[in-house]
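Participant:
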Amino acid sequence: MGRVQGKVALITGGAAGIGKAAAMALAKEGAIVVFTDVDDARGSETLAEIRNAGGTASYHSQNVIDEARWQEIVATIKAEQGALHILVNNAGIGISSDIFSMSYADWQRQMAINVDGVFFGVKHAIPLIAASGGGSVINISSVAGLKGAAGLAGYCATKGAVRLFTKAVALECAQAKMNVRVNSVHPGIIDTEIWQKIPQGGVSALNSPGIPAGANAIDANLIAQVGAPLGYAGLPSDIADGIVFLASDESRYMTGTELIIDGGMTAR
Ligand SMILES: NC(=O)c1ccc[n+]([C@@H]2O[C@H](COP(=O)([O-])OP(=O)(O)OC[C@H]3O[C@@H](n4cnc5c(N)ncnc54)[C@H](O)[C@@H]3O)[C@@H](O)[C@H]2O)c1
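This is the structure:
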């Protein structure tokens with residue numbers, strides 16, 4: 002019997018990185034996994050991997066900034082699975098730039114994916130979760146939603162927004178007796194491809210004065226040697242373990258709170 006046996010879970014940005022690890026872990030623990038992404042090629046690969054491992058999953062193409070698509074995805078889940086219990090708002094991007102050179106287009110794009118996407122997910126999926134008897138919503142924030150970071154001000158703004166949005170939605174759900182818990186997860190430096198997408202210069206971001214200027218932002222482990230007290234980067238599965246905990250009834254008395262998985266980054 003898995004820890005989320007028979008629950009229906011929707012994960013955004015599930016083709017790669019943390020979202021993929023969450024999709025695989027939830028499927029391993031017995032969930033019926035529906036995951037979405039903009040990267041359909043990777044989505045198909047991940048789908049095959051989950052099924053080969055014995056999991057139950059389906060993949061849909063979805064850009065989280067498209068509200069109409071959110072409505073379609075939720076309607077599809079209702080029609081095909083008849084219920085929804087777990088939502089992992091994971092899709093996100095990181096744009097590093099000093100704030101004075103950041104274009105408004107980049108600011109808006111990052112806000113749209115990291116914040117509007119979470120708003121749409123909460124707005125359109127929670128009613129189905131409540132109608133299914135309740136469940137758990139997990140919004141992926143970051144240590145950058147807890148601490149400021151030079152070079153990542155725009156990203157910090159999005160992740161700080163996710164943190165407090167999560168708490169307010171948790172209170173609304175509690176007040177409405179929806180039986181829906183809403184929590185945020187705050188990863189530290191996790192070894193995923195997001196680091197290859199962040200241009201050099203954003204490394205100071207990690208509140209780690211010891212990182213030499215011009216350090217290669219591509220190698221999460223190198224950054225973590227200085228940035229994370231444990232001295233190495235986390236794995237996507239380290240975050241997935243926290244997501245499974247929050248998705249399962251093991252966390253039944255937790256709502257509106259923050260699960261920090263950061264190798265000690267925020268301890269100092
Ligand atoms: N890796 C880290 O160190 C780290 C640390 C803190 C927080 N996070 C957060 O974790 C989440 C996942 O990050 P990751 O490291 O796995 O990144 P990743 O780049 O490896 O994976 C992100 C996935 O989201 C998808 N995606 C991007 N934009 C999308 C959109 N508009 N709609 C749907 N899907 C979209 C990508 O195609 C990709 O498959 C993000 O919210 C990120 O901000 C990551």
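Following the working numbering, the numbering of the sequence shown begins with 2 at its first residue and continues without gaps. Backbone N, C-alpha and C fix where the C-beta goes; we use that ideal spot for every residue, glycine too.
#1: Are Ile78 and Leu129 touching if we call contact CB-CB under 8 Å?
#2: Given a threshold of 16 other Cβ atoms within 10 Å of its Cβ, counted over all protein chains shown, does Glu30 qualify as buried or as exposed?
#3: Please list the terminal residues of the continuous beta strand (DSSP E) segment that includes Leu88.
#4: Closest by CA to Lys160, which one among Arg269, Gly7, Ile96?
#5: Grouping DSSP H, G and I as helix and E and B as strand, with all else coil, what is Pro230?
#6: Mapping DSSP to helix, strand and coil, what is Ser185?
#7: Taking contact to mean at least 3 C-beta pairs separated by less than 8 Å, is the segment 71–85 in contact with the segment 116–126?
#8: What does a CB cutoff of less than 8 Å around Glu46 pick up in its chain, not counting 5 residues either side in sequence?
#9: For Glu194, verify whether its CB is less than 7 Å away from any heavy atom of ligand 1.
#10: Which residue from Ala268, Ser249, Gly257, Ala241 puts its Cα closest to that of Asn91?
#11: Please report the distance separating the alpha-carbon of Ile141 from that of His187.
#12: Express the C-alpha separation of Gly18 and Val119 in angstroms, rounding to a whole number.
#13: So for Asn180, helix, strand or coil by DSSP?
#14: Going by the CB atoms, is the gap between Ile190 and Asp239 shorter than 8 Å?
#15: Since Leu247 contacts Ile139 with CB under 8 Å, what's their CB separation in whole angstroms?
#16: Would you list, in sequence order, the uninterrupted beta strand (DSSP E) runs of no fewer than 3 residues that lie entirely inside the segment 50–125?
#17: Evaluate Asn53 with the Cβ neighbour count: other Cβ atoms within 10 Å of its Cβ, from every protein chain shown; 16 or more gives buried, anything less gives exposed.
#18: With Gln111 and Gly155 assumed to form a contact (beta carbons below 8 Å), what rounded beta-carbon distance in angstroms separates them?
#19: For Val116, which of Asn64, Ala84, Ala150 has the nearest alpha-carbon?
#20: Report the CB separation of Val183 from Thr256 in whole angstroms; it is logged as a contact under 8 Å.
#21: Is Asp38 helix, strand or coil by DSSP?
#22: How about Gly122 and Thr13: are their beta carbons less than 8 Å apart?
#23: Once the 5 residues before and after Met266 are set aside, which same chain residues still bring their CB inside 6 Å of it?
#24: Could you say which of Gln6, Val39, Ser102 lies nearest to Gly271 if we only look at CA atoms?
#25: Helix, strand or coil: which one does DSSP assign to Ala175?
#26: For the beta strand (DSSP E) containing Leu260, list its first residue and its last residue.
#27: In chain order, what residues of the same chain lie with their CB nearer than 8 Å to the CB of Ala206, ignoring the 5 residues before and after it?
#28: Using a threshold of 8 Å, state whether the C-beta atoms of Val39 and Ser59 are closer than that.
#29: If the criterion is Cβ atoms closer than 8 Å, does the pair Gly235 and Ile199 meet it?
Facilitator: Well, looking at it:
#1: Taking the first residue of the sequence shown as position 1, residue 78 is located at position 77. Taking the first residue of the sequence shown as position 1, residue 129 is located at position 128. Yes.
#2: Within the sequence shown, residue 30 is the residue found at index 29, counting from 1. Burial state of Glu30 is buried, judged by a 10 Å Cβ sphere holding 16 or more other Cβ atoms.
#3: By 1-based counting over the sequence shown, the position of residue 88 is 87. Membership of Leu88 in the beta strand (DSSP E) is indicated by the continuous run 87–90.
#4: Residue 160 sits at position 159 when you count from the first residue of the sequence shown. Nearest Cα to Lys160 within the set Arg269, Gly7, Ile96: Ile96.
#5: Here residue 230 refers to the residue found at position 229 of the sequence shown. Three-state result, Pro230: coil.
#6: As a working note, residue 185 is residue 184 in the sequence shown. DSSP places Ser185 in the strand class (E or B) of the three-state scheme.
#7: Segments in contact, yes.
#8: Taking the first residue of the sequence shown as position 1, residue 46 is located at position 45. Beyond the five residues adjoining it in sequence on each side, Glu46 comes within less than 8 Å, by CB distance, of Ala16 in the same chain, given in chain order.
#9: Position 193 of the sequence shown, counted from the start, is the residue given in the question as residue 194. Yes, Cβ of Glu194 sits closer than 7 Å to a heavy atom of ligand 1.
#10: Along the sequence shown, one-based indexing puts residue 91 at 90. Here the closest residue by C-alpha is Ala241.
#11: Counted from its first residue, the sequence shown places residue 141 at position 140. Counted from its first residue, the sequence shown places residue 187 at position 186. Those two C-alpha atoms are separated by around 6 Å.
#12: As a working mapping, residue 119 is identified with position 118 in the sequence shown. As a working mapping, residue 18 is identified with position 17 in the sequence shown. Cα to Cα, the separation comes out at about 18 Å.
#13: To locate residue 180, count along the sequence shown from 1; it is residue 179. Of the three classes helix, strand and coil, the one that applies to Asn180 here is coil, per DSSP.
#14: Residue mapping note: residue 239 aligns to position 238 of the sequence shown, counting from 1. Residue mapping note: residue 190 aligns to position 189 of the sequence shown, counting from 1. No Cβ-Cβ contact shorter than 8 Å links Asp239 with Ile190.
#15: The sequence position of residue 247 within the sequence shown is 246, counting from 1. The sequence position of residue 139 within the sequence shown is 138, counting from 1. At roughly 5 Å, the Cβ-Cβ gap stays under 8 Å, so Leu247 and Ile139 are in contact.
#16: Unbroken beta strand (DSSP E) stretches of 3 residues or longer found wholly inside the segment 50–125: 57–62, 87–90, given in chain order.
#17: Translated into positions along the sequence shown, residue 53 becomes position 52. Around the C-beta of Asn53, fewer than 16 other C-beta atoms lie within 10 Å, and the residue is accordingly described as exposed.
#18: Mapped onto the sequence shown, residue 111 falls at position 110. Mapped onto the sequence shown, residue 155 falls at position 154. Indeed, because the Cβ distance is near 5 Å, the residues count as touching under 8 Å.
#19: Counting from one through the sequence shown, the residue named residue 116 turns up at place 115. For Val116, the closest alpha carbon among the candidates Asn64, Ala84, Ala150 is that of Asn64.
#20: Numbered from its first residue, the sequence shown carries residue 183 at position 182. Numbered from its first residue, the sequence shown carries residue 256 at position 255. Their Cβ separation, rounded to whole angstroms, is 6 Å, which keeps Val183 and Thr256 in contact under 8 Å.
#21: The sequence position of residue 38 within the sequence shown is 37, counting from 1. Strand, per DSSP.
#22: Looking up residue 122 in the sequence shown gives position 121. Looking up residue 13 in the sequence shown gives position 12. Yes, Cβ-Cβ distance for Gly122 and Thr13 is below 8 Å.
#23: Residue mapping note: residue 266 aligns to position 265 of the sequence shown, counting from 1. Correct list, in chain order: Val144, Gly189, Ala229.
#24: With the chain represented from 2 up to 269, any question about residue 271 goes unanswered, as that position is not in the structure.
#25: Here residue 175 corresponds to residue number 174 of the sequence shown, with the count starting at 1. Three-state result, Ala175: helix.
#26: What you label residue 260 is simply residue 259 of the sequence shown in a count that begins at 1. Per DSSP, Leu260 is one residue of the beta strand (DSSP E) stretching across 259–262.
#27: Reading the sequence shown from its first residue, position 205 is the one you call residue 206. Any reading at Ala206 must be qualified, since the residue scores a pLDDT of 45, below 50, and its modelled position is unreliable; no value is offered.
#28: Locating residue 39 in the sequence shown gives position 38, where the first residue counts as 1. Locating residue 59 in the sequence shown gives position 58, where the first residue counts as 1. No, the pair does not count as a contact, with Cβ atoms beyond the cut-off.
#29: Counting from one through the sequence shown, the residue named residue 235 turns up at place 234. Counting from one through the sequence shown, the residue named residue 199 turns up at place 198. One thing to note: Gly235 has its Cβ no nearer than 8 Å to the Cβ of Ile199.
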